[in-house]
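Student: Before I ask anything, here is the structure I am working with.
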Amino acid sequence: MSNTITVALTVNGTRRTVTASSDTPLLWVLREDLKLTGTKFGCGVGQCGACTVHLNGEPTQSCLYALKDVAEKQITTIEGLSPDTSHPLQKAWLAEQVPQCGYCQSGQIMRAAGLLKQNPRPTREQIVEYMSPNICRCGTYVRIARAIERAAGEMQS
Amino acid sequence: MKSANTRNASRAPANHNRRRFMVGAAGFTFGVAVGAPALQLLVAGEAAAAIGSIKLNHWVTVFTDGTVAIMSPAAEMGQGSLTSLPVILADEMDADWSKVRIVAAPPNDKIYGNPAFRYLQYTAGSATVTGYFNNLRQFGAQVRYVLLDNAARRWGVPLAEVRSEPGYAVHVETGRRLSYGEIAAFAKVPAQAPEVVVDPVGKAEFRLIGRDLPRVDVAGKVNGTAQYSIDVQVPGMVYGAILREPMEGALPEKIDDSDARAIEGVLQIVPLKYGVGVVAQNPWAAFKGKKALKVIWSRKATGWGFSNDKGYARFAAVAKDQNVKGVAWETKGDTAGGFAKATTVVEGEYRADYAYHAQMEPLNSVAALSADGCEIWCGTQSQTVAVTAVAQALGIAEDKVKFNGMLLGGGFGRRGNRDVEFIVDSVLMAKAAGKPVKVIWTREDDVHNGRFRPLYVNRIRAGIDDKGKIVAWHHRVVSDRVLAFMDPVRYKTANGRDNIAMRGTELPTYDIPHRLAEGLQQDTGIRTAPLRAIGVGQNSFANEVFMDEIAAKLGVDPVRYRLQQLSGTPLAKRARYVIEEVANMADWGRKRQERGLGIAYLDYSGTQLAGVAEVSLSRDGRIRVHDFWCVIDCGVAVQPDNIIAQTQSSIVYGLGLALTERIDIVDGAVKQSNFYDYHVPRMRDIPNMHIKLVQTKNHPTGAGQMATPLVPSAIANALFQLTGVRLRQQPLLPERVLHAMAEAGVSIA
């Protein structure tokens with residue numbers, strides 16, 4: 000019996016239809032079916048945050064959500080954060096020269112965007128606590144925190 | 000600074016032979032085609048098509064619109080050398096940096112190999128800037144010479160009157176100027192590159208070196224456009240997953256693939272020598288298929304039955320038995336005679352567990368075969384090693400392999416092994432499938448098939464004279480073999496010396512007249528690889544904890560004791576500075592409530608570093624690092640802020656190795672699976688980091704991993720200051736802390 004289903008969802012403001020096995024994680028649907036490869040595979044078990052996207056506005060690890068659970072949902076990926084790398088977080092990330100290997104940074108930025116949405120002026124402690132689900136093996140944490148503070152400042156002014 | 004911002008041309012061709020700097024430098028020619036499309040073609044590796052019959056320079060192409068394309072031979076894995084190398088060349092040619100475009104060099108050892116690795120095109124060992132530095136300066140100077148010489152001829156003036164400004168040749172007396180692009184339109188290029196004298200590094204004035212220029216790879220890393228091999232999609236591509244043997248040499252004897260075949264989307268099962276592959280329509284089906292395989296493995300492999308405990312028992316016995324001779328790594332003076340003169344002999348044993356790279360991008364690659372060749376997309380630390388391995392796997396000539404080098408989602412030593420098994424995977428699968436295949440390792444595959452920093456037992460004896468000076472030092476390092484496994488080709492010429500396991504036992508700055516470091520590497524059957532900081536990560540831990548133990552035994556402050564042991568060489572003077580400075584920064588003499596301070600010093604391939612950790616201990620045995628101070632002197636700082644970033648990165652990496660990261664081998668196989676049981680540092684774990692970069696006018700040395708070894712030793716030494724208890728094994732796990740404290744009869748405050 001086939002597990003293949005067809006699901007409609009909205010990705011970066013565009014309605015998309017995907018046909019795949021019902022248990023396929025959203026991560027792989029985004030990456031291989033919709034060719035949005037900015038969202039990264041890191042662990043597959045919700046431990047590293049490299050696959051973080053916004054699901055109905057909330058930072059979510061896309062490796063943990065099956066296709067059958069995201070029907071009619073609104074998804075924003077790093078490609079949809081801004082059309083031209085103009086989001087204050089992206090600009091702050093460049094100003095602080097945050098990325099090293101860069102592989103985790105889409106997930107870091109999407110999680111940070113979720114933080115600033117709910118808390119536009121986070122303290123350093125709040126940043127550290129909120130960002131701790133996301134691993135950066137290059138250890139760019141200090142610069143991530145600084146970039147979030149910089150972006151928060153810019154969004155206030 | 001130079002007056003009028005110009006550089007004169009007086010650095011004429013040299014008489015003496017600089018041929019050793021000239022590899023790949025002969026016969027340079029400038030492109031005549033203009034503009035972006037030509038550059039695009041160059042980037043795509045189609046230079047010939049873009050510029051007709053004109054033969055290119057191997058490193059630099061100057062376009063008539065002023066664009067300067069510079070080849071960068073390094074793999075970019077976050078360390079920044081894709082940018083740093085062209086900076087060095089551009090500085091000496093006096094290029095306008097805003098006009099420079101960096102192009103990834105194709106695989107070619109002869110032209111693009113790293114002199115530090117005997118011209119292997121291999122990005123590792125923090126040896127990229129240091130290895131290429133002289134060649135790139137020389138080559139940049141040659142380009143500048145030819146440009147200025149052409150301008151002088153056009154103007155009919157002596158070359159000595161022509162100077163450069165960034166991107167221009169200038170005749171100062173008449174004010175005439177020609178841009179490099181204008182010169183490219185008429186330039187005649189000598190068939191043989193001229194030899195040009197460059198200022199020695201101690202006297203050179205740089206325009207670009209020492210400035211913080213944005214790394215070229217960073218922009219794409221904040222908007223999802225940066226391309227790693229896992230992102231590659233080619234027409235008609237299918238996906239692969241591989242169930243690999245649990246240890247090297249355990250072959251699949253019996254395969255039950257009935258459940259795997261039943262999974263929707265699974266296309267094909269591919270028996271391989273070292274495992275079983277699954278080809279599927281998408282990654283998820285491939286992973287499910289792999290999980291459904293039932294395989295019985297042959298019991299012939301060396302690793303069966305092995306465990307960390309068995310390794311420690313065996314290694315410790317070897318370390319202790321002075322009758323078992325090792326391979327000398329470093330010898331100085333007469334060690335036996337030195338010990339005879341000592342009034343006190345002290346001895347210490349230090350251990351380290353296996354450790355895993357945990358680069359964020361699980362290993363993967365893409366391959367597409369054609370009638371007579373193969374195209375690969377991969378992230379590798381050696382472009383040429385990858386090409387050779389693929390050619391050998393298919394039995395085809397190397398020129399039939401088209402290589403597409405992608406960004407690496409972390410390397411840390413995992414992607415430079417000679418057999419590049421994670422690249423050969425996709426090639427074999429594409430051959431079996433008859434279609435392009437992207438093979439993706441899951442995180443669990445990446446851990447289970449990991450190639451680790453080896454298990455170590457280090458045993459050091461030191462002979463001390465009546466003044467407290469160390470006069471003899473004997474370091475025996477017992478570990479799994481690394482070089483023989485990760486690179487049999489290099490090992491063949493190494494005379495049994497395992498540089499990956501042994502590096503860091505040499506002590507060039509401590510004034511110890513009689514020294515012997517011996518390597519006793521063992522074949523346990525366990526897969527190993529260089530891991531960030533290689534042997535230095537453990538050998539320096541042994542050195543610096545032992546040094547602390549000696550100081551404590553003699554009742555001397557550990558900072559002062561280290562300073563007393565330093566020799567008077569120029570290198571040791573730099574060592575003295577970093578130790579004194581880090582002690583100042585940390586306010587070393589000030590006692591803290593319920594906190595301990597510990598110091599570590601390190602010469603890492605010429606880079607001088609010292610670190611201080613401030614720690615506290617909780618009742619459950621967990622160590623918390625609150626602050627970490629680090630001073631680093633790696634000579635000329637090509638990209639200073641990037642060196643700071645790499646040092647931050649090295650400290651965080653060292654923190655994980657120090658406190659939480661360990662791989663357990665059980666019956667030859669890996670016990671851990673993913674980030675839930677292999678714990679790497681997260682944002683909440685990191686200390687306040689205080690880093691000082693000392694810029695000295697010495698030949699640049701490494702920066703990409705140097706601080707990592709400081710962290711475990713500084714923490715262990717800080718724990719001693721806090722509790723009086725010594726930990727001699729990495730990682731300093733809570734249960735080990737509690738055990739050591741119970742043994743010493745010390746309780747946590």
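Taken in order, these protein sequences are the chains called Y and X. No gaps in the numbering here: position 3 of the first sequence is 2 in numbering that gives the first Met the number 0, and each next residue is one more. No gaps in the numbering here: position 477 of the second sequence is 476 in numbering that gives the first Met the number 0, and each next residue is one more. Quick reminder that beta carbons are idealized off the backbone N, C-alpha and C, glycines included. Here the structure is a predicted model, which means the values were calculated and not measured.
1) Between the Cα of MET688(X) and those of ALA612(X), ILE662(X), ASN583(X) and ASP632(X), spot the shortest distance and give me the residue it belongs to.
2) When DSSP labels each residue in this structure, what does THR16(Y) get in the three-state scheme?
3) Helix, strand or coil for THR127(X), going by three-state DSSP, please let me know.
4) Between TYR764(X) and the rest of its own chain, which residues show a CB-CB distance below 6 Å, the 5 nearest in sequence each way excluded?
5) Which complete beta strand (DSSP E) runs does the region 687-732 of chain X hold, if anything under 3 residues is left out?
6) So, does the region 366-381 of chain X touch the region 88-101 of chain X, judging by three or more C-beta pairs under 8 Å?
7) Closer than 7 Å, CB to CB, is VAL277(X) near chain Y or not?
8) Between VAL756(X) and GLY235(X), is the Cβ-Cβ spacing less than 7 Å?
9) Could you pull out every residue in the same chain whose Cβ sits closer than 7 Å to the Cβ of ARG143(X), ignoring the five residues on either side in sequence?
10) DSSP has ASN457(X) in a bridge; who is on the other side?
11) ILE662(X) and VAL710(X) - do their beta-carbons sit closer together than 7 Å?
12) Spell out whether any CB of chain X is found under 7 Å from the CB atom of ARG123(Y).
13) Alpha carbon to alpha carbon, how far is PRO361(X) from TYR227(X)?
14) Nearest by alpha-carbon distance to LYS220(X): which of PRO85(X), ARG727(X) and GLY77(X) is it?
15) Where are the alpha helix (DSSP H) runs, 4 residues long or more, that stay fully inside the region 303-331 of chain X, in chain order?
16) Just to make sure I have the definition right: I need the residues of chain Y whose C-beta is within less than 7 Å of the C-beta of GLN232(X). Which are they?
17) Could you say which of PRO487(X), ARG298(X), ILE459(X) and SER566(X) lies nearest to ASN538(X) if we only look at CA atoms?
18) Skipping 5 residues on each side, what residues in its chain have a beta carbon closer than 6 Å to that of LYS253(X)?
19) Report the rounded CA-to-CA distance for TYR652(X) versus PRO557(X), giving the unit in angstroms.
20) Of all the beta strand (DSSP E) runs that stay within the bounds of the region 329-408 of chain X, which reach a length of 3 or more residues?
21) DSSP has THR59(Y) in a bridge; who is on the other side?
22) For PHE20(X), which residues from the same chain have a beta carbon less than 7 Å from its beta carbon, with the 5 sequence-adjacent residues on both sides left out?
23) In the DSSP output, which residue or residues are listed as bridge partners for THR606(X)?
24) Are at least three pairs of beta-carbons, each pair with one atom in the region 262-278 of chain X and one in the region 308-321 of chain X, less than 8 Å apart?
25) For GLY595(X), which beta-bridge partners are listed by DSSP?
26) Against ASN416(X), what residues of chain Y qualify as contacts under a CB-to-CB distance less than 9 Å, listed in chain order?
27) Under 8 Å Cβ-Cβ, which residues of chain X neighbour VAL141(Y)?
28) Along the beta strand (DSSP E) that carries GLU517(X), what are the first and last residues, could you check?
29) Counting C-beta neighbours from all protein chains within 10 Å, is the total for VAL665(X) 16 or more, i.e. buried, or is it exposed?
30) Just to confirm, is the Cβ distance from GLY404(X) to GLN382(X) under 7 Å?
31) With a cut-off of 8 Å, do at least 3 Cβ pairs link the region 130-148 of chain Y to the region 47-58 of chain Y?
32) So, are the CB atoms of LEU147(X) and ALA126(X) less than 7 Å apart?
33) Return helix, strand or coil for HIS170(X), following the three-state DSSP convention.
34) At a Cβ threshold of 7 Å, is PRO282(X) touching chain Y?
35) Within its chain, find whatever has a CB closer than 6 Å to the CB of PHE545(X); leave out the 5 residues flanking it on each side and keep chain order.
36) Under 7 Å, do THR527(X) and ASP486(X) count as touching if we go by C-beta distance?
Tutor: Considering the structure as presented:
1) As a position in the second sequence, residue 688(X) is number 689, starting the count at 1. Of ALA612(X), ILE662(X), ASN583(X) and ASP632(X), the residue nearest in Cα terms is ALA612(X).
2) Looking up residue 16(Y) in the first sequence gives position 17. Three-state result, THR16(Y): strand.
3) Taking the first residue of the second sequence as 1, we reach residue 127(X) at position 128. Helix at THR127(X).
4) The shown model of chain X, from 0 to 748, leaves out residue 764(X), and the question about it has no answer.
5) Runs of the beta strand (DSSP E) lying entirely within the region 687-732 of chain X and spanning at least 3 residues, in chain order: 687-692.
6) No contact exists between the region 366-381 of chain X and the region 88-101 of chain X.
7) Locating residue 277(X) in the second sequence gives position 278, where the first residue counts as 1. By this cut-off, VAL277(X) is not an interface position.
8) Past the edges of chain X, shown from 0 to 748, lies residue 756(X), and the structure says nothing about it.
9) Translated into positions along the second sequence, residue 143(X) becomes position 144. Only GLU91, MET92, ASP93 and SER163 meet the Cβ criterion.
10) Counted from its first residue, the second sequence places residue 457(X) at position 458. Residue pairing for ASN457(X): DSSP places it in a beta bridge opposite TYR349(X) and VAL476(X).
11) Counting from 1 along the second sequence, the entry for residue 710(X) is found at position 711. Counting from 1 along the second sequence, the entry for residue 662(X) is found at position 663. Pairing VAL710(X) with ILE662(X) gives a Cβ-Cβ distance that is not under 7 Å.
12) By one-based count along the first sequence, residue 123(Y) stands at place 124. The C-beta of ARG123(Y) comes no closer than 7 Å to any C-beta of chain X.
13) If you number the second sequence from 1, residue 361(X) lands on position 362. If you number the second sequence from 1, residue 227(X) lands on position 228. Computed Cα separation, rounded: 11 Å.
14) Counting from one through the second sequence, the residue named residue 220(X) turns up at place 221. The shortest Cα separation from LYS220(X) among PRO85(X), ARG727(X) and GLY77(X) belongs to GLY77(X).
15) If we require 4 residues or more, the alpha helix (DSSP H) runs fully inside the region 303-331 of chain X come out as 307-319.
16) Counted from its first residue, the second sequence places residue 232(X) at position 233. Neighbours of GLN232(X) on chain Y, chain order: LYS34.
17) Translated into positions along the second sequence, residue 538(X) becomes position 539. Among PRO487(X), ARG298(X), ILE459(X) and SER566(X), the Cα nearest to that of ASN538(X) is on ILE459(X).
18) For the purposes of this step, residue 253(X) is taken as residue 254 along the second sequence, with counting starting at 1. Same-chain partners within the cutoff: ILE295.
19) Position 653 of the second sequence holds residue 652(X). Position 558 of the second sequence holds residue 557(X). Each residue's Cα considered, the two are about 25 Å apart.
20) 343-351, 363-368, 373-377 and 400-404
21) In the first sequence, residue 59(Y) corresponds to position 60, counting from 1. Answer is VAL52(Y).
22) For the purposes of this step, residue 20(X) is taken as the residue at position 21 of the second sequence. Because the pLDDT at PHE20(X) is just 31, under 50, the model does not fix this residue reliably, and the point stays unresolved.
23) Numbered from its first residue, the second sequence carries residue 606(X) at position 607. According to DSSP, which records beta bridges pairwise, THR606(X) is partnered with TYR603(X).
24) Contact between the region 262-278 of chain X and the region 308-321 of chain X is absent, because fewer than three Cβ pairs lie under 8 Å.
25) Taking the second sequence and counting its residues from 1, the one referred to as residue 595(X) is at position 596. GLY595(X) is bridged to VAL614(X).
26) Stepping through the second sequence from its first residue, residue 416(X) is reached at position 417. Correct list: empty, because the minimum Cβ distance to chain Y is about 18 Å.
27) Along the first sequence, one-based indexing puts residue 141(Y) at 142. Ordered by position in chain X, the residues that pass the 8 Å Cβ test against VAL141(Y) are GLN647, ILE685 and MET688.
28) Counting from 1 along the second sequence, the entry for residue 517(X) is found at position 518. Here the beta strand (DSSP E) through GLU517(X) covers 513-521.
29) In the second sequence, residue 665(X) corresponds to position 666, counting from 1. Its Cβ having fewer than 16 others within 10 Å, VAL665(X) is exposed.
30) On the second sequence, position 405 is the one that residue 404(X) refers to. On the second sequence, position 383 is the one that residue 382(X) refers to. A contact, by the Cβ cut-off of 7 Å.
31) yes
32) Reading the second sequence from its first residue, position 148 is the one you call residue 147(X). Reading the second sequence from its first residue, position 127 is the one you call residue 126(X). Not closer than 7 Å, so no.
33) Here residue 170(X) is taken as the residue at index 171 of the second sequence, counted from 1. Correct three-state label for HIS170(X): strand.
34) Indexing the second sequence from 1 puts residue 282(X) at position 283. PRO282(X) counts as touching chain Y.
35) Translated into positions along the second sequence, residue 545(X) becomes position 546. Here the set comprises GLY347 and ILE459.
36) Here residue 527(X) is taken as the residue at index 528 of the second sequence, counted from 1. Here residue 486(X) is taken as the residue at index 487 of the second sequence, counted from 1. Cβ atoms of THR527(X) and ASP486(X): not closer than 7 Å.
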